[in-house]
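Scroll down for the structure; my scribbles are underneath it.
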Amino acid sequence: MEKLSQERAPIYEALEKLKQSRIVPFDVPGHKRGRGNPELTNLLGEKCVSIDVNSMKPLDNLIHPVSVIREAEELAAEAFGASHAFLMVGGTTSAVQSMILSVAKRGDKIILPRNVHRSVMGAMVLCGAIPVYVNPEGEDRLGISLGMKVDQVKRAIKANPDAKAILVNNPTYYGVCSDLRTIVNLAHENGMLCLVDEAHGTHFYFGDNMPISAMAAGADMSAVSMHKSGGSLTQSSLLLIGPAVGEGHVRQIINLTQTTSGSYLLLSSLDISRRNLALRGRDSFAKVVEMAEYARSEINRIGGYYAFSKELINGDSVFDFDVTKLSVNTLDVGLAGIEVYDYLRDEYDIQIEFGDLGNILAYFSIGDRRREVERLVSALSEIRRRFGKSRAGLMKQEYIEPVVVVSPQEAFYAQKEPVLIENSLGKVCSEFVMCYPPGIPIIAPGERITHEVLNYIMYAQDKGCSVTGPEDPEIKHLNVLKGGY
Amino acid sequence: MELWFSEVHSPHVKMSIRVDKHVFSAESEFQRIDVFDSYEYGRFLALDGFLMFTEKDEFIYHEMITHVPMAVHPNVKNVLIIGAGDGGVVRELVQYPEIEHIDMVEIDEMVVEVCKKYIPQTACKLDDPRLTIHYEDGLKFIRSCDDCYDLIIVDSTDPFGPGEGLFTREFYGNCYKALKEDGIMVNQHESPFYKEDAIACQRAHKRIVESFPISRVYQAHIPTYPSGHWLFGFASKKYHPLKNLDDVRWNKRGIKCRYYTTMLHKGAFYIPAYVEELLKDVES
Numbered sequence: 063m064e065k066l067s068q069e070r071a072p073i074y075e076a077l078e079k080l081k082q083s084r085i086v087p088f089d090v091p092g093h094k095r096g097r098g099n100p101e102l103t104n105l106l107g108e109k110c111v112s113i114d115v116n117s118m119k120p121l122d123n124l125i126h127p128v129s130v131i132r133e134a135e136e137l138a139a140e141a142f143g144a145s146h147a148f149l150m151v152g153g154t155t156s157a158v159q160s161m162i163l164s165v166a167k168r169g170d171k172i173i174l175p176r177n178v179h180r181s182v183m184g185a186m187v188l189c190g191a192i193p194v195y196v197n198p199e200g201e202d203r204l205g206i207s208l209g210m211k212v213d214q215v216k217r218a219i220k221a222n223p224d225a226k227a228i229l230v231n232n233p234t235y236y237g238v239c240s241d242l243r244t245i246v247n248l249a250h251e252n253g254m255l256c257l258v259d260e261a262h263g264t265h266f267y268f269g270d271n272m273p274i275s276a277m278a279a280g281a282d283m284s285a286v287s288m289h290k291s292g293g294s295l296t297q298s299s300l301l302l303i304g305p306a307v308g309e310g311h312v313r314q315i316i317n318l319t320q321t322t323s324g325s326y327l328l329l330s331s332l333d334i335s336r337r338n339l340a341l342r343g344r345d346s347f348a349k350v351v352e353m354a355e356y357a358r359s360e361i362n363r364i365g366g367y368y369a370f371s372k373e374l375i376n377g378d379s380v381f382d383f384d385v386t387k388l389s390v391n392t393l394d395v396g397l398a399g400i401e402v403y404d405y406l407r408d409e410y411d412i413q414i415e416f417g418d419l420g421n422i423l424a425y426f427s428i429g430d431r432r433r434e435v436e437r438l439v440s441a442l443s444e445i446r447r448r449f450g451k452s453r454a455g456l457m458k459q460e461y462i463e464p465v466v467v468v469s470p471q472e473a474f475y476a477q478k479e480p481v482l483i484e485n486s487l488g489k490v491c492s493e494f495v496m497c498y499p500p501g502i503p504i505i506a507p508g509e510r511i512t513h514e515v516l517n518y519i520m521y522a523q524d525k526g527c528s529v530t531g532p533e534d535p536e537i538k539h540l541n542v543l544k545g546g547y
Numbered sequence: 026m027e028l029w030f031s032e033v034h035s036p037h038v039k040m041s042i043r044v045d046k047h048v049f050s051a052e053s054e055f056q057r058i059d060v061f062d063s064y065e066y067g068r069f070l071a072l073d074g075f076l077m078f079t080e081k082d083e084f085i086y087h088e089m090i091t092h093v094p095m096a097v098h099p100n101v102k103n104v105l106i107i108g109a110g111d112g113g114v115v116r117e118l119v120q121y122p123e124i125e126h127i128d129m130v131e132i133d134e135m136v137v138e139v140c141k142k143y144i145p146q147t148a149c150k151l152d153d154p155r156l157t158i159h160y161e162d163g164l165k166f167i168r169s170c171d172d173c174y175d176l177i178i179v180d181s182t183d184p185f186g187p188g189e190g191l192f193t194r195e196f197y198g199n200c201y202k203a204l205k206e207d208g209i210m211v212n213q214h215e216s217p218f219y220k221e222d223a224i225a226c227q228r229a230h231k232r233i234v235e236s237f238p239i240s241r242v243y244q245a246h247i248p249t250y251p252s253g254h255w256l257f258g259f260a261s262k263k264y265h266p267l268k269n270l271d272d273v274r275w276n277k278r279g280i281k282c283r284y285y286t287t288m289l290h291k292g293a294f295y296i297p298a299y300v301e302e303l304l305k306d307v308e309s
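These protein sequence lines map, in sequence, to chains A and B.
Sequential numbering from 63 applies to the first sequence in this note's numbering.
Sequential numbering from 26 applies to the second sequence in this note's numbering.
Structural data, given as C-alpha cells:
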C-alpha cells in the first residue's frame, strides 16, 4: 500500500464516493439512508443519515481492516507517533478496557493510582487482574489527587516484581501530569509494560509546549479520547500501541467486545479530526492555550477563586501541567465546586464539565470563542457576589486510602446482599460508588467500607453530586459481600 | 436599475428598502459592516446584514433610549453606554450639562470609524470632551466596575451574534453591581411580535427582573425594525419610571425632540395586553 499524506482522509473520501455511486441498499441499517425514519432524518439532517451505512467492500470493515479503515489507522498512527492506532467506536472506556485486557489475565497484577476512571476498574472486573495501588500524592489546599510519585512507583515495583504493567493517568482530569518518561523507563527496566490513560491528552500530540505525550515518552499503549480535545464525535476514540505490543493480539482483544457494526459517522469523524489535528492542530491549540490562560488570569482577579496552573509543578507528583484545563478551586468563595457547577447551569445557562467538592473544571477546546469565555468569567464573578459566603463547613476532597480485601472480579461476582448504607460500615463492598463526572470511584468492588467512604458519599449527595454505580439507584443500600471478610 | 436591500424579519417575512448606492462594505474582526444610501430612508448602517438604523427613523430609537431615564433620574453625572458605536446615544446625552463623564464601550472600533466618516448625523458628537471610548467587550469592561454609574444605557445588537453576551444574567447582574444605589439601566429590549424576537424579549425580561427590584418595559414605533413595534427595558434600583418622572424639570430644559415628550413618556409604559402577558409569564 502506498504511503498517504496527512491531507488525506480515506474513510471520508470513501463515503463521498459511495454517495456519488447511488448504490441501492438492500442491507442494514434498515432506515435506508433515512427514508424509513423521516423524524430522525429531520432531526439529524439528510447528510448525516445518508452516511450511516454498513460495512461493505468499498468502506472496509472495522473488525478486520484491509483498505480505507486500515489506511485511516495508519495515518492516525503516523500523526500520533505510534506503531499502530486502532479506531475505536465504543468510547475511550472500550479503549482503556482493551488496553488492560491485552496485557493482564486473571491473577495478574497491575500497578496503578487509585484515582483512575471507572473503566479501568471495570476492566479488572472483566479479566480478574489484581490492582496494586500507588497512593497519589494529595494537594492540601485544593483537595485534589496529584500524579504518581516516582519513589512510590519504585516501591510498588519492588514489592510486586511480578506485576505485568504500570498504568498512568496522564493528564488527570484537572490537568496534572506525572513524570511519564521516568515511569516508562522504570517499567521497562523491570520487565513491565507501561499503559497510559490519556483520555484528556489528545492535544499533547499536536500543541506546542505541551506536556510529553505517551507515545513520545515511550509508553506501550495509550487510550486517547479523540472526542474530548480532538474534536471528533462523542464515543469515538483511539487506542495507540508502541513497538513492543502485537497489533494482531490487540485486534483480537478489541474484537471480543467491540461492535461488528462500527458506525461510519464515528469512524469518519475520527478520520477527519485526525487530518484536522495533523494539519492545523498546532495553531488551534495555541489559541486554546491563549484563551485558557486569559480565563485563568481573569478568574484569579475576581478574588476567592483559585484557577491553578503550572505554579503547582514540583518535579515529581506534578511533573507538568496541562494549561488547557481550566480547573478552579472554589472553597474560598465559600461554595463547593458542585454548587458553583449547579449555579452556572441553573442561573447562567453555562454548562461546565464537572464540579467536585472543592473544584470546578471548564473544558476548553478547539470550538471555543472569546465571547463565551467572557460570559463564564462574568458568571463566576456574579456567583461570588450573589452567593459567596465564608468557607466554614466545607469539606475538602481527601484521598481515601483504599483497603483492598479481595480482587475487583471476585467481589463483583461473589455472593452478596444489600444492606442499608448506614449499616454498611466495615463490610466489603461489591460494587462501585462514584460521582459522575468525574467518574473516579469513591469505593470499588472488593474494598472495605470505612468511615471516610461513608462520610464522603453522604456529603457528596448532600451537596447535589450525581452519585452513581450501585444497584440501588437511590444509594440507600450498598451491596456487600456475604459472610465474614 | 433596481437595487434592493432585504432583511429577513421572520422565516416567512422580509422587509426591503430600495437602495441608491452601496457606500461602504468591509469585514471587521467581529462582523461585516455595510453602509447604503436609500431613497426613502436616507443613509443606513447594516451589521452582518441586519439593519441597525437609518437616517430617517434613528431619532425615535435614540431619543427614547436616552430621554426616558434622563427625565426620571434627578442627578445623572456618570454614564456608561454599552455598544452605540454609531454615536446616536452620545448625541442625545451631551445635551445635558450636568453629565460629567460618559464611558462608551464598543467592541468594534471599525463601526465607530465608519460612522464618523459616513454617518455624521449620529456620530457628530463623538469628540465631546466628556466622552471616553473604550474598544472592549462590554461584559469584560463592566466586570470590574463597582458602584460607579448613575445611568447605564445598553444599546446592543440582537442577541444572536456578538451581542449575545449583553442579554445574559451575568451581564445584567454586573450592571446592577456597577450602578450606584439609585442607578438606572435602560436597554434595547427587542420586539414582542415575531416568535423568535418575542422569545429573546421574554428571556431578557426574565433576567432583568431577577437582577433589579424595579423593572418595567416601554415601547416605541420604529418603522424599519421588525414589526415596527419595539421595546426598551427600564431597570432601576430606586426610581420608578412614572412615579419619579419630573416632567416640569425636564420641560424647562428646552431640549428639542421629534419623538419624545413627557406625555409620550407616560404613555410609552402602557403596553398592549399580549405584551403584558408575555412579560408577566416570566415575572414570578
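Glycine included, every Cβ here is placed at the ideal spot set by N, Cα and C.
Where residue i falls: helix, strand or coil (DSSP)
| i | result |
| --- | --- |
| Val312(A) | helix |
| Pro187(B) | helix |
| Glu101(A) | helix |
| Asn517(A) | helix |
| Val228(B) | Note that residue 228(B) is Arg in the sequence shown, not Val. Looking at Arg228(B) - three-state DSSP - the assignment turns out to be helix. |
| Gln15(A) | Lying outside 63 to 547, the shown extent of chain A, residue 15(A) is not represented and no answer is given. |
| Met77(B) | strand |
| Thr530(A) | strand |
| Glu29(A) | For residue 29(A) there is no data in the structure shown, the boundaries of chain A being 63 and 547. |
| His179(A) | coil |
| Gly92(A) | coil |
Terminal residues of the beta strand (DSSP E) in which residue i lies
| i | result |
| --- | --- |
| Ile504(A) | 503-505 |
| Ile178(B) | 174-180 |
| His47(B) | 38-52 |
| Met496(A) | 495-497 |
Exposure of residue i, with buried meaning 16 or more beta-carbon neighbours within 10 Å
| i | result |
| --- | --- |
| His47(B) | exposed |
| Trp29(B) | exposed |
| Gln82(A) | exposed |
| Arg68(B) | buried |
| Phe218(B) | buried |
| Glu536(A) | exposed |
| Leu318(A) | exposed |
| Pro36(B) | exposed |
| Ala298(B) | exposed |
CB contact flag (residue i, residue j, <9 Å)
| i | j | result |
| --- | --- | --- |
| Arg168(B) | Glu125(B) | no |
| Ser129(A) | Pro72(A) | yes |
| Thr154(A) | Lys290(A) | yes |
| Gly280(A) | His250(A) | yes |
| Glu551(A) | Gly186(B) | As shown, chain A starts at 63 and ends at 547. That puts residue 551(A) outside it, with no answer to give. |
| Tyr236(A) | Lys387(A) | yes |
| Ala109(B) | Val115(B) | yes |
| Leu339(A) | Val151(A) | no |
| Ala191(A) | Lys220(A) | no |
| Pro266(B) | Pro94(B) | yes |
| Leu124(A) | Gly343(A) | no |
| Val529(A) | Cys491(A) | no |
| Met210(B) | Gly258(B) | yes |
First through last residue of the alpha helix (DSSP H) which encompasses residue i
| i | result |
| --- | --- |
| Gly113(B) | 113-118 |
| Thr287(B) | 287-293 |
| Gln82(A) | 72-83 |
| Pro9(B) | The structure shown has nothing for residue 9(B), since chain B only spans 26 to 309. |
| Pro470(A) | 470-475 |
| Asn338(A) | 326-364 |
| Cys110(A) | 108-112 |
Within chain C, partners of residue i - CB distance below 8 Å
| i | result |
| --- | --- |
| Arg448(A) | The question asks about chain C, but that chain is absent: this structure's protein chains are A and B. |
**Asked** For the region 424-440 of chain A, which residues have a beta carbon sitting closer than 9 Å to at least one beta carbon of chain B?
**Response** Arg432, Arg433, Glu434, Glu436, Arg437, Leu438, Val439, Ser440
**Message:** By the 7 Å beta-carbon criterion, what residues does the region 159-179 of chain B contribute toward chain A?
**Reply:** Asp162, Leu164, Lys165, Arg168
**Request:** Please name the residues in the region 176-209 of chain B whose beta-carbon is closer than 8 Å to at least one beta-carbon of chain A, in chain order.
**Result:** Pro187, Glu189, Gly190, Thr193, Arg194, Glu195, Phe196, Gly198, Asn199, Lys202
**Prompt:** According to a CB-to-CB cut-off of less than 8 Å, which residues of the region 379-411 of chain A neighbour chain B?
**Reply:** Glu409, Tyr410, Asp411
**Item:** Members of the region 356-374 of chain A near chain B, C-beta cut-off 7 Å
**Value:** none
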